[in-house]
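J.: Got a structure here, written out as structure tokens. Questions coming.
2 protein chains.
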Amino acid sequence: MENYTKTTVQRGARTELHDALHLTGAEISLNELPAGAGVPFIHAHRQNEEIYGVLEGEGYAVLDGERVPLKAGDWVRVAPATKRQFFAAAESGIRYLCIQVKAGSLGGYTAEDAIL
Amino acid sequence: MENYTKTTVQRGARTELHDALHLTGAEISLNELPAGAGVPFIHAHRQNEEIYGVLEGEGYAVLDGERVPLKAGDWVRVAPATKRQFFAAAESGIRYLCIQVKAGSLGGYTAEDAIL
Numbered sequence: 001m002e003n004y005t006k007t008t009v010q011r012g013a014r015t016e017l018h019d020a021l022h023l024t025g026a027e028i029s030l031n032e033l034p035a036g037a038g039v040p041f042i043h044a045h046r047q048n049e050e051i052y053g054v055l056e057g058e059g060y061a062v063l064d065g066e067r068v069p070l071k072a073g074d075w076v077r078v079a080p081a082t083k084r085q086f087f088a089a090a091e092s093g094i095r096y097l098c099i100q101v102k103a104g105s106l107g108g109y110t111a112e113d114a115i116l
Numbered sequence: 117m118e119n120y121t122k123t124t125v126q127r128g129a130r131t132e133l134h135d136a137l138h139l140t141g142a143e144i145s146l147n148e149l150p151a152g153a154g155v156p157f158i159h160a161h162r163q164n165e166e167i168y169g170v171l172e173g174e175g176y177a178v179l180d181g182e183r184v185p186l187k188a189g190d191w192v193r194v195a196p197a198t199k200r201q202f203f204a205a206a207e208s209g210i211r212y213l214c215i216q217v218k219a220g221s222l223g224g225y226t227a228e229d230a231i232l
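Chains as they are written, first to last, in the numbering used here: chain A, 1 to 116; chain B, 117 to 232.
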């Protein structure tokens, strides 16, 4: 496999990186919702944990029916079975990334996995 | 396990999310280097793929000896064995995230793994 792959993400509604970067351990998407908008469906996952990071703006998630406020700098891990839906605030758009990985898949990491 | 965990990342040199969010499929770090600075060592990995995303500023990576320019919006997958080192530009700091996952660990994702 290539020693590295690179892409440049333009601003826009949604960009998925798995195929662009030939990822093998994650799918990563960059998402934008304008003020007042929301993802039009609730979803959960079978095996995958999702980590959401808010890059800009404000909004909220509904996680198993609980409203969780979100602003730039917030990071949230959502367990596979949790029912989730994301919204921008009424007066602010939101830009966030979603990292999808298989729950329980990480073995050693950082110092345990590094070769210096 | 909890249906969700949440943390707020303050600006700063480096923040690691694995323990803060009880992640099981990834380690995620947020990193900042001031203008002219670099990570002071080269490293590779045994099993883990790393995905770097540049949030702000400019710099470059050296990947197996090749200088790869980086600016906000750039995303790079680095294979486990690739020798890597990261630098800010001479005149600009850089803020980037690093997502560490086990190479080959992702099974189905998005529509294949979702429950609607």
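For glycine and all other residues, C-beta sits at the position ideal for the given N, C-alpha and C. No experiment lies behind these values; they were computed from the predicted model shown.
Could you tell me whether the stretch 154-166 of chain B touches the stretch 199-218 of chain B, using the rule of 3 or more Cβ pairs below 8 Å?
T.: With the rule of 3 Cβ pairs closer than 8 Å, the stretch 154-166 of chain B counts as touching the stretch 199-218 of chain B.
J.: Quick one: what does DSSP say residue 103(A) is sitting in, helix, strand or coil?
T.: Here the question's residue 103(A) lines up with position 103 in the first sequence. Correct three-state label for residue 103(A): coil.
J.: In angstroms, rounded to a whole number, what distance separates the CA positions of residue 174(B) and residue 209(B)?
T.: Position 58 of the second sequence, counted from the start, is the residue given in the question as residue 174(B). Position 93 of the second sequence, counted from the start, is the residue given in the question as residue 209(B). About 6 Å.
J.: Which stretch, first to last residue, makes up the beta strand (DSSP E) that contains residue 179(B)?
T.: Within the second sequence, residue 179(B) is the residue found at index 63, counting from 1. Counting along the chain, the beta strand (DSSP E) containing residue 179(B) begins and ends at 164-179.
J.: Since residue 113(A) is in the beta strand (DSSP E), which residue starts that stretch and which ends it?
T.: For the purposes of this step, residue 113(A) is taken as the residue at position 113 of the first sequence. It is not in any beta strand (DSSP E) - residue 113(A) carries neither H nor E in the DSSP assignment.
J.: Compute the Euclidean distance between the alpha carbons of residue 26(A) and residue 152(B), then round it to the nearest angstrom.
T.: Taking the first residue of the first sequence as position 1, residue 26(A) is located at position 26. Taking the first residue of the second sequence as position 1, residue 152(B) is located at position 36. Going from the Cα of residue 26(A) to the Cα of residue 152(B) covers about 31 Å.
J.: Please check if any C-beta of chain A sits within less than 9 Å of the C-beta of residue 118(B).
T.: Here residue 118(B) corresponds to residue number 2 of the second sequence, with the count starting at 1. Yes, residue 118(B) counts as interfacial toward chain A.
J.: Is residue 13(A) helix, strand or coil when you go by DSSP?
T.: The sequence position of residue 13(A) within the first sequence is 13, counting from 1. Reduced to three states, the DSSP call for residue 13(A) is coil.
J.: DSSP beta-bridge partners for residue 29(A)?
T.: Here residue 29(A) corresponds to residue number 29 of the first sequence, with the count starting at 1. Beta-bridge annotation (DSSP): residue 29(A) is paired with 16(A) and 98(A).
J.: Does chain B have any CB closer than 9 Å to the CB of residue 38(A)?
T.: What you label residue 38(A) is simply residue 38 of the first sequence in a count that begins at 1. No, no contact with chain B.
J.: Please state if the CB of residue 84(A) and the CB of residue 49(A) are separated by a distance shorter than 9 Å.
T.: In the first sequence, counting from the first residue as 1, residue 49(A) sits at position 49. In the first sequence, counting from the first residue as 1, residue 84(A) sits at position 84. No; because the gap between Cβ atoms is not below 9 Å, this pair is not in contact.
J.: With a cut-off of 9 Å, does the C-beta of residue 127(B) fall near any C-beta of chain A?
T.: As a first step, residue 127(B) must be located in the second sequence, where it is residue number 11. Yes, contact with chain A.
J.: Just to confirm, are residue 82(A) and residue 190(B) a CB contact at a threshold of 9 Å?
T.: As a working mapping, residue 82(A) is identified with position 82 in the first sequence. As a working mapping, residue 190(B) is identified with position 74 in the second sequence. No. Outside cutoff.
J.: Using the C-alpha atoms, what's the distance from residue 60(A) back to residue 71(A)?
T.: For the purposes of this step, residue 71(A) is taken as residue 71 along the first sequence, with counting starting at 1. For the purposes of this step, residue 60(A) is taken as residue 60 along the first sequence, with counting starting at 1. Going by the C-alpha atoms only, they are around 8 Å apart.
J.: Report the residue from 32(A), 24(A) and 13(A) whose alpha carbon sits nearest the alpha carbon of residue 220(B).
T.: Working through the second sequence from its first residue, we reach residue 220(B) at position 104. Residue 24(A) is the option with its Cα nearest to residue 220(B).
J.: Got a sec? Which residues, its chain only, sit under 7 Å from residue 63(A) by beta carbon, not counting five neighbours each side?
T.: Your numbering for residue 63(A) matches position 63 in the first sequence. 78, 82 and 84, listed in sequence order.
J.: Are the Cβ atoms of residue 171(B) and residue 211(B) separated by less than 9 Å?
T.: Residue mapping note: residue 171(B) aligns to position 55 of the second sequence, counting from 1. Residue mapping note: residue 211(B) aligns to position 95 of the second sequence, counting from 1. The answer is yes: Cβ separation under 9 Å.
J.: Answer yes or no: do residue 18(A) and residue 1(A) have a C-beta to C-beta separation smaller than 9 Å?
T.: As a first step, residue 18(A) must be located in the first sequence, where it is residue number 18. As a first step, residue 1(A) must be located in the first sequence, where it is residue number 1. Contact flag unset, no.
J.: What separation, rounded to the nearest whole angstrom, lies between the Cα atoms of residue 39(A) and residue 31(A)?
T.: As a first step, residue 39(A) must be located in the first sequence, where it is residue number 39. As a first step, residue 31(A) must be located in the first sequence, where it is residue number 31. In a straight line, the C-alpha of residue 39(A) is about 10 Å away from that of residue 31(A).
J.: What are the boundary residues of the beta strand (DSSP E) that residue 68(A) is part of?
T.: In the first sequence, counting from the first residue as 1, residue 68(A) sits at position 68. Per DSSP, residue 68(A) belongs to the beta strand (DSSP E) from 66-71.
J.: Please say whether residue 33(A) and residue 88(A) have beta carbons closer to each other than 9 Å?
T.: Translated into positions along the first sequence, residue 88(A) becomes position 88. Translated into positions along the first sequence, residue 33(A) becomes position 33. Cβ distance < 9 Å, so residue 88(A) and residue 33(A) count as in contact.
J.: Whose Cβ in chain B lies nearer than 7 Å to the Cβ of residue 64(A)?
T.: Along the first sequence, one-based indexing puts residue 64(A) at 64. Simply 119.
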